[in-house]
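A quick write-up on the structure given underneath.
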Amino acid sequence: MAKSLVIVESPTKAKTLSKYLGRNYQVLASVGHLKDLPKSKLGIDLEHNFEPHYVVIRGKSKILKEIKASAKKAKDIYLAPDPDREGEAIAWHIAEELSDSGPRIHRILLNEITEAAVKRAIKSPSTINMQKVNAQQARRVLDRLVGYLLSPLLWKKIRRGLSAGRVQSVAVRVICEREAEREAFQSEEYWTITALLAGESPPTFPAKLTELNGERLTITTEAQTTQILHDLNQAAYSVSNIDQKEKRRNPSPPFVTSRLQQDSARKLRFAAKKTMMLAQRLYEGIEIGEEGQVGLITYMRTDSTRISPEALEELRGYIQDSFGASYLPAQPNTYKVQKAAQEAHEAIRPTSVKRDPESLRPFLEPDLYKLYKLIWNRFVASQMTNGLDLITQVDIRANQYTFRASGTVEKFDGFRRVYREETEPSPENLAAEEDGAPGTNTSLPPLSVGESLTLIEGEESGIQPKQHFTQPPPRYNEAMLIRAMEEKGIGRPSTYATIISTIQDRHYVEKEDARFRPTELGTLVNDRLIGHFPDVFDVEFTAKMENELDGIEEGEKEWVTTVKEFYQPFMKDLASAETNMEDLKGKEEPTEIPCEKCGQLMVVKWGRHGHFLACPGYPECKNTKQFTKDEDGKIEIVEEQVETSDEPCEKCGSTMVVKRGRFGNFLACSKYPECKTTKPLKLGVKCPTEGCGGDLVQKRTKKGRTFYSCSKYPTCKFALWDKPVNRPCPQCHSPFLIEKVRKQAGPKIQCQKEECGYQEAS
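Structure (structure tokens):
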């Protein structure tokens, strides 16, 4: 009997489906996209409606050949890549390659990988959604046009190797604009005055000065502060007003992609890229003891807060049994649907709420456990009752001044028994926190109107004046940047992780204290792109393009029309930039700094890592120096920090030092140029060849590809492409692991021995 063929994206997903479908089905993995635009040329026919010319991706021919061979023998063919635009495009490319298979080709969507969901999808297959495919094609063509046509301009005008992205460059712009706001910010002085008071009953509590004669009081100088302190000398303090009210705290909806990335960044300190890689593994399936391979969460790229009726029924039963009736609302909580949300999808949730985090802990790596627990807690909390707080605000009179103290008492925890919100503090909240102002969690004693209060005297108490200065808007961290991109319509939640990763990989932005700041290169490229392509890299224009792509998916817009409307003005801007953009490659700025090697006055030039000082006598004199500029624009030379090695030079015996070259760090003799000995930098990993005793070092092929080999080559010829990680395998005790990088799945740490099978997220 002929088997049916099921094609998915990843081997892990294939393993999970094979377990559910049994021996009458063969499950193969495409391992991501099989076809794409060619790397070596534009691949778009500009004369014929931007028709893309797709080619089989290098290294994928063998996979495609196996799929075709199996398809010829299959009873039915089910295409099951992920249920999003990229997955639809993968399914379409496979269907095109199997076009002679005719009506036997079906499309199935798996929002969760459970036995019931898989069998349900097989029973009710659909066809490929060409509107979704065309939305993906439009995005791919737009991105290729910008990247392929604009990058040569940047190579010509600034330096080789630069690239621009239709969406990534706008994300860089947002970061650059925040930096410009910070640089333009004028700090202003202000003061706060806090009194530590006691009523008839404990505890003591702080109150902040807020009003003078019933009007809001702003204190801007030390002289003003001194006068107020004089006015308050010997003042009597009494309660003038007490305002109490109950406030309900509502639970948040279950996670959508952007909120998962934000909360994971805040609570777990995970980068968006790491969050999505871990979530992918939880979705595709994890080995869970006797259950075997099980998909633990629903699909992680979604903007819908919908919960299936079956999952909702199971969740309400779980809350009733685990927490009691007081934690279960009479009716299920409902949440506002975001604009353009795909309601065919569900929120990110556990595939079964009965798999609580603690029961899965023995089977999950620590980071997988943390992310699963976050998702599980948020899902359970979303259908629990509201929390209830009692908020008290007390006004205190002291002569003509009013102080205010606030406190909050939690009367009923509700959903907070499972999940507590963490939001990114606003600049105002950060300022209040820095003020030392009484917060809403201050514990207040029982008080009554008219009650006299005592000022607690002492070195750390009494009336406490404090000087402050207003702070510039904070730089974005990952959670804040994701929120900003979502609010501004830059990209879509499924692309945020890639955008953030790409702009760092291109060295346009870097992290400083976990917050993004633009590099000198990023600022320079951003200024040029905005100046010469005011529409293409405009935030509102980018958001409009995302809405256009949504319109294509909804069948409201033709993809060729969208591309054409973009292409024509873009080409006009490109032609103008070719002529008018400043050429930095050959630009030199004179200075008054003499070269200590030959005496000529050094010049400022532009290079791979930004501005640097160079001797104009090059190539006879190759002296260069790094520099910074002070507030007045004066050049300050940065002295190079020399990192020495324990290894002596094998030719002259001098100390070897760590140098940085175009292919990374290496060891060089400190007596250069008298001695030109260089050596690869050891990785701290011993060669595994028995009896060798060599060290693994990083090297490059003639074509520039990195590989790792034994330092005793050619005596020992051990080599591998994947970066060694100096940790033994916990499963088979191999002396080191390797970092395997895959285009779709990203980097993974795994055992260097294929037969072992151990792997973890990088």
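Under our numbering, the first residue of the sequence shown is numbered 192, with each subsequent residue one higher. Glycine is no exception: its CB is placed at the ideal position from the N, C-alpha and C atoms.
- Annotated three-state conformation of HIS297 is strand, per DSSP.
- With 16 or more other CB atoms across the displayed protein chains lying within 10 angstroms of its CB, ASP275 is buried.
- In the structure shown, the three-state DSSP call for ILE654 is strand.
- At least 7 Å separates the beta-carbon of ASN717 from that of CYS942.
- Its Cα nearest to that of HIS802, the residue THR714 stands out among THR714, THR770, GLU744 and CYS866.
- Looking at the backbone, the Cα of LYS755 and that of LEU237 are separated by about 10 Å.
- Residue pairing from DSSP places ILE268 in a beta bridge opposite LEU196 and ILE296.
- Under the DSSP definition of a beta bridge, THR583 partners with GLN435 and GLY598.
- Separation of the CB atoms of PHE241 and VAL332 is rounded to 5 Å, and the pair is thereby assigned contact status at 8 Å.
- With a minimum length of 4 residues, the unbroken runs of alpha helix (DSSP H) contained wholly in the region 667 to 729 fall at 669 to 679, 684 to 696 and 711 to 723.
- In this structure, VAL916 and SER902 do not form a Cβ contact; the two beta carbons are roughly 18 Å apart against a cut-off of 8 Å.
- Here DSSP, grouped into helix, strand and coil, assigns ILE254 to helix.
- Around the CB of CYS789, fewer than 16 other CB atoms lie within 10 Å, so the residue is classed as exposed.
- In the three-state reduction of the DSSP assignment, CYS367 falls in the helix class, which pools H, G and I.
- At least 7 Å separates the beta-carbon of THR593 from that of ASN302.
- With respect to the C-alpha of ALA427, the residue from LEU228, LYS436 and LEU388 having the closest C-alpha is LEU388.
- Annotated as distal: ARG674 and GLN452, with beta-carbon spacing of 7 Å or more.
- DSSP places SER836 in the uninterrupted beta strand (DSSP E) bounded by 834 to 839.
- The three-state reading of DSSP puts ASN856 in strand, counting E and B together.
- By the Cβ-count criterion, MET491 is buried, with 16 or more other Cβ atoms from all chains shown falling within 10 Å of its own Cβ.
- With distances taken between CA atoms, TYR381 lies nearest to THR416 out of LEU300, PRO665, CYS866 and THR416.
- A distance below 7 Å between beta-carbons, with the five flanking residues on each side excluded, links ARG298 to the following residues of its chain, in chain order: LEU270, ALA282, PRO316, SER317, THR318 and ILE319.
- Taking a 10 Å sphere around the C-beta of SER449, we find 16 or more other C-beta atoms and assign the residue as buried.
- For VAL932, the secondary structure class from DSSP, reduced to helix, strand or coil, is strand.
- Under the DSSP assignment, GLN453 falls in the alpha helix (DSSP H) whose first and last residues are 448 to 454.
- One alpha carbon belongs to LEU712, the other to ILE694, and they sit about 11 Å apart.
- Here PRO343 carries a helix assignment [DSSP, helix/strand/coil].
- Residue environment for ALA910: exposed (fewer than 16 other C-beta atoms within 10 angstroms of its C-beta).
- Around THR782, the same chain offers LEU792, MET793, VAL794, VAL795, LEU804 and ILE826 as residues with beta carbons nearer than 8 Å, after the five sequence neighbours per side are excluded.
- Judged by pairs of C-beta atoms under 8 Å, the region 568 to 575 does not touch the region 368 to 376, as fewer than three such pairs exist.
- Taking all protein chains shown into account, LEU420 has fewer than 16 neighbouring C-beta atoms within 10 Å of its C-beta and is therefore exposed.
- Under the Cβ criterion (8 Å, minimum of three pairs), the region 384 to 404 counts as touching the region 579 to 593.
- Per DSSP, the beta bridge partners of PRO781 are VAL794.
- Residue ARG350 holds the alpha-carbon nearest to the alpha-carbon of ASP774 among ARG330, ALA734 and ARG350.
- In this chain, the alpha helix (DSSP H) harbouring PRO500 covers 500 to 514.
- According to DSSP, ASP236 shares a beta bridge with GLU242.
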